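Numbering (full-length UniProt numbering), first residue to last: 1 to 451.
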């Protein structure tokens with residue numbers, strides 16, 4: 001493609017079937033809104049301009065795209081898809097190139113498909129329009145694409161209700177996605193009429209008006225639209241299925257792929273093993289040779305080579321495991337670094353902490369990092385040993401090689417190679433337990449008699 005590219009994304013629909021205060025196109029797939037999925041894909045084509053056509057709930061959509069420098073255009077009245085596309089004309093004033101027409105609630109369209117549409121538009125026979133078609137398992141009430149025999153030339157788009165029996169037998173259906181030259185597109189839109197039962201301006205009408213349109217096909221899953229929560233879940237499943245396949249193709253082992261859930265930006269290295277029921281939130285990077293045991297939840301975390309996580313571990317944003325580090329069952333980390341070869345094998349919370357290489361964190365250890373107002377940091381030196389059931393009250397520093405005895409509550413720093421033992425003096429009262437049981441049995445018996 002040598003011509004400039006622009007993208008028009010239609011996002012003006014009310015989305016009433018979602019039953020939500022959140023705009024339809026902002027509902028997430030793999031932790032990222034449908035609209036941003038589509039913008040990311042279109043962005044790989046380096047469009048000169050991108051315009052999102054808004055309507056109901058415009059404030060939400062505008063706020064979502066403003067940081068990206070994407071333009072918006074308002075469709076104040078819902079007068080059909082042709083009318084919606086026409087609202088982008090001012091935002092594309094002076095643009096001379098190819099235009100992709102996309103839908104904000106069809107989020108899985110691949111950049112490769114967009115590129116194929118543009119390449120077909122610029123083929124030697126130079127069609128005025130390219131329409132994206134698909135073949136669903138059940139064509140149902142989709143509009144049919146009637147193509148000239150022996151080629152890809154599109155003769156017309158016919159809606160199901162208007163189709164003959166022969167046309168209804170056609171399995172090639174309309175996605176609504178198109179590509180056109182900017183000059184052709186807006187000239188055609190200017191000629192659209194609304195002489196139909198709905199009184200709307202239909203984008204599909206430009207096909208016959210153009211006199212020259214071609215079709216390319218996409219996989220049905222790629223062009224699945226979202227109009228309800230059920231359809232949102234179905235598209236999430238499609239995305240996850242594709243991402244799992246990609247992870248395995250790139251050298252990761254997923255023991256039970258259908259139980260692993262990735263985020264849109266998860267990065268997985270080679271020779272990574274992921275056991276069942278692992279969930280990745282946004283912002284996770286996993287290096288080569290890592291093992292993630294079952295039932296872990298990871299978000300905003302960086303896991304170094306040959307590290308080990310879980311089972312039943314939670315990594316929150318800012319968690320970093322360096323080479324060969326290990327966290328075990330029921331360990332939670334937040335804004336904490338576990339150094340090379342360090343271990344926290346079970347029942348531990350590490351928050352706002354730095355743990356040196358080779359340190360060992362005993363079961364039940366807690367970094368007490370929050371006083372109800374502010375967060376404080378704990379630093380544990382290389383090779384330190386923290387005994388089980390210890391509470392480290394931040395801010396506190398434990399020197400390299402130091403040992404903290406089990407059950408200690410530390411409120412002051414510990415020197416390197418020192419032993420810190422903070423326990424109350426033991427008090428033993430002979431026979432106290434037997435006397436206690438005798439007294440309590442008598443009280444219980446008296447209570448029953450009183451009844």
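In this text, a Cβ means the ideal position worked out from N, Cα and C, and glycines have one as well.
This structure is a prediction, so every number in the text was calculated from the model and none was measured.
Checklist line | Coil, strand or helix - residue 297 by DSSP | finding: Position 297 of the chain shown, counted from the first residue, corresponds to residue 297. In this structure, residue 297 counts as strand in the three-state DSSP scheme.
Item checked: Contacts around residue 481, its chain only, beta-carbon distance under 6 Å, and the 5 residues preceding and following it disregarded -> Nothing can be reported for residue 481: it is not among the residues displayed for the chain, which extend from 1 to 451.
Margin query: Restricting to Cα atoms, I'd like to know which of 83, 358, 297 and 283 is closest to residue 32.
Written below: Position 32 of the chain shown, counting from 1, holds the residue named residue 32. Of the listed residues, the one whose Cα sits closest to residue 32 is 283.
Note to self: Using C-beta distances below 6 Å, list every residue in its chain close to residue 455, excluding the 5 sequence neighbours before and after it, in chain order.
What the structure shows: Since the first and last residues shown for the chain are 1 and 451, residue 455 lies out of range.
Next item on the list: Output the distance between the C-alpha atoms of residue 79 and residue 89, rounded to the nearest integer angstrom.
Entry: Translated into positions along the chain shown, residue 79 becomes position 79. Translated into positions along the chain shown, residue 89 becomes position 89. Taking the straight line joining both Cα atoms gives about 16 Å.
Check: Counting along the chain, where does the alpha helix (DSSP H) carrying residue 206 start and finish?
Finding: Residue numbering aside, residue 206 sits at position 206 when the chain shown is read from its first letter. Counting along the chain, the alpha helix (DSSP H) containing residue 206 begins and ends at 206-210.
Margin query: Quick check: what's the CA-CA separation for residue 219 versus residue 135?
Written below: Locating residue 219 in the chain shown gives position 219, counting from the first residue. Locating residue 135 in the chain shown gives position 135, counting from the first residue. About 7 Å.
Next item on the list: Identify every residue that forms a DSSP beta bridge with residue 33.
Entry: For the purposes of this step, residue 33 is taken as residue 33 along the chain shown, with counting starting at 1. Bridge partners of residue 33: 28.
Checklist line | Three-way DSSP call (helix, strand, coil) for residue 217 in this model | finding: Here residue 217 refers to the residue found at position 217 when the chain shown is read from its first residue. In the structure shown, residue 217 sits in a strand (DSSP, three-state: E or B).
Checklist line | Contacting residues, own chain, Cβ-Cβ under 7 Å from residue 351 (five flanking each side not counted) | finding: For this step, residue 351 is matched to residue 351 along the chain shown. For residue 351, where only same-chain residues beyond five positions count, the Cβ hits under 7 Å are 334, 335, 336, 367 and 369.
Next item on the list: Report back the beta-carbon spacing between residue 61 and residue 26 to the nearest angstrom; my notes put them in contact at under 8 Å.
Entry: The residue labelled residue 61 in the question sits at position 61 within the chain shown. The residue labelled residue 26 in the question sits at position 26 within the chain shown. Indeed they touch by this definition, with Cβ atoms about 7 Å apart.
Item checked: Whole alpha helix (DSSP H) elements within the segment 213-296, 4-residue minimum -> 229-249
Next item on the list: Please work out which residues of its chain come closer than 6 Å, Cβ to Cβ, to residue 293, disregarding the five sequence neighbours upstream and downstream, and give them in chain order.
Entry: Position 293 of the chain shown, counting from 1, holds the residue named residue 293. So the list reads 275, 310 and 311, once near-sequence residues are dropped.
Notebook entry, point to check: Where in the segment 402-445 do unbroken runs of the alpha helix (DSSP H), each at least 4 residues long, occur, reported from the N-terminal end onward?
Noted result: none
Next item on the list: Entirely within the segment 326-387 and at least 3 residues each: give me those beta strand (DSSP E) ranges in chain order.
Entry: 326-338, 343-355, 366-368 and 378-380
Item checked: Nearest-angstrom beta carbon gap, residue 225 and residue 106 [assumed within contact, 8 Å] -> The sequence position of residue 106 within the chain shown is 106, counting from 1. The sequence position of residue 225 within the chain shown is 225, counting from 1. Sure, about 5 Å apart at Cβ, within 8 Å.
Checklist line | Contact set for residue 388: own chain, Cβ-Cβ below 8 Å, skip 5 residues either direction | finding: The residue given as residue 388 occupies position 388 in the chain shown. For residue 388, where only same-chain residues beyond five positions count, the Cβ hits under 8 Å are 362, 363, 364, 365, 406 and 407.
Check: Exposed or buried, what is residue 178 when buried is set at 16 or more other beta-carbons lying within 10 Å of its beta-carbon?
Finding: On the chain shown, position 178 is the one that residue 178 refers to. Residue 178 is buried by the Cβ-count criterion.
Next item on the list: Using the Cα positions of residue 314 and residue 295, report the straight-line distance between them to the nearest angstrom.
Entry: Position 314 of the chain shown holds residue 314. Position 295 of the chain shown holds residue 295. Residue 314 and residue 295 have their C-alpha atoms some 9 Å from each other.
Checklist line | Rounded separation between residue 77 and residue 245 - CA only | finding: As a first step, residue 77 is located in the chain shown; it is residue number 77 there, counting from the start. As a first step, residue 245 is located in the chain shown; it is residue number 245 there, counting from the start. Looking at the two C-alpha atoms, the distance is approximately 43 Å.
Checklist line | 3 or more residues per run - each beta strand (DSSP E) lying fully within the segment 32-97 | finding: 49-54 and 71-74
Margin query: Output needed for residue 390: all residues of its chain with C-beta closer than 6 Å, excluding positions within five of it in sequence on either side, in chain order.
Written below: Numbered from 1 along the chain shown, position 390 holds the residue referred to as residue 390. Closer than 6 Å at the Cβ level, and outside the excluded window around residue 390, lie 365, 404 and 408.
Margin query: My output table needs one value for residue 112: the three-state DSSP class, helix, strand or coil.
Written below: Within the chain shown, the letter at position 112 stands for residue 112. Residue 112 falls in the helix class under three-state DSSP.
Notebook entry, point to check: In three-state terms, what does DSSP make of residue 132?
Noted result: Locating residue 132 in the chain shown gives position 132, counting from the first residue. Note: residue 132 maps to strand in three-state DSSP.
Check: Taking the alpha-carbon positions, what's the residue 207 to residue 72 distance?
Finding: The residue labelled residue 207 in the question sits at position 207 within the chain shown. The residue labelled residue 72 in the question sits at position 72 within the chain shown. When the Cα atoms are used, residue 207 and residue 72 turn out to be separated by approximately 26 Å.
Item checked: Sequence-distant residues of the same chain with beta carbon closer than 8 Å to residue 137, five excluded per side -> In the chain shown, residue 137 corresponds to position 137, counting from 1. These residues qualify, in order along the chain: 220.
Check: Less than 8 Å separating the beta-carbons of residue 341 and residue 318?
Finding: Position 341 of the chain shown, counted from the start, is the residue given in the question as residue 341. Position 318 of the chain shown, counted from the start, is the residue given in the question as residue 318. Not in contact: residue 341 and residue 318 (Cβ atoms no closer than 8 Å).
Check: The alpha helix (DSSP H) with residue 190 in it runs from where to where?
Finding: Residue mapping note: residue 190 aligns to position 190 of the chain shown, counting from 1. 182-190 is the span of the alpha helix (DSSP H), which, as asked, contains residue 190.
Item checked: Cutoff 6 Å; reference residue 113; Cβ partners in own chain excluding five residues on either side -> Here residue 113 is taken as the residue at index 113 of the chain shown, counted from 1. These residues qualify, in order along the chain: 218.
Check: Are the CB atoms of residue 30 and residue 167 nearer to each other than 8 Å?
Finding: Here residue 30 is taken as the residue at index 30 of the chain shown, counted from 1. Here residue 167 is taken as the residue at index 167 of the chain shown, counted from 1. For residue 30 and residue 167, no; Cβs fall outside 8 Å.
Notebook entry, point to check: Taking residue 285 as the reference, which of 12, 268 and 123 has the closest Cα?
Noted result: Sequence index remark: in the chain shown, residue 285 carries index 285 (1-based). Nearest option by C-alpha distance: 268.
Margin query: With DSSP as the reference, identify every bridge partner of residue 461, one or two as the case may be.
Written below: Because the chain in this structure spans residues 1 to 451, residue 461 falls outside the shown range and cannot be described.
Next item on the list: Would you tell me roughly how many angstroms separate the C-alpha atoms of residue 186 and residue 123, rounded to the nearest one?
Entry: The residue labelled residue 186 in the question sits at position 186 within the chain shown. The residue labelled residue 123 in the question sits at position 123 within the chain shown. Taking the straight line from one Cα to the other gives about 21 Å.
Check: Taking the C-alpha atoms as reference points, what is the distance between residue 273 and residue 289?
Finding: By 1-based counting over the chain shown, the position of residue 273 is 273. By 1-based counting over the chain shown, the position of residue 289 is 289. Cα to Cα, the separation comes out at about 7 Å.
Check: If you drop the 5 nearest sequence neighbours on each side, which residues of the same chain put their C-beta closer than 6 Å to that of residue 141?
Finding: Within the chain shown, numbered from 1, the residue matching residue 141 stands at position 141. The residues are 160.
Item checked: Through-space distance from residue 423 to residue 67, alpha-carbon basis -> Sequence index remark: in the chain shown, residue 67 carries index 67 (1-based). Sequence index remark: in the chain shown, residue 423 carries index 423 (1-based). If I take the Cα positions, the gap works out to 54 Å.
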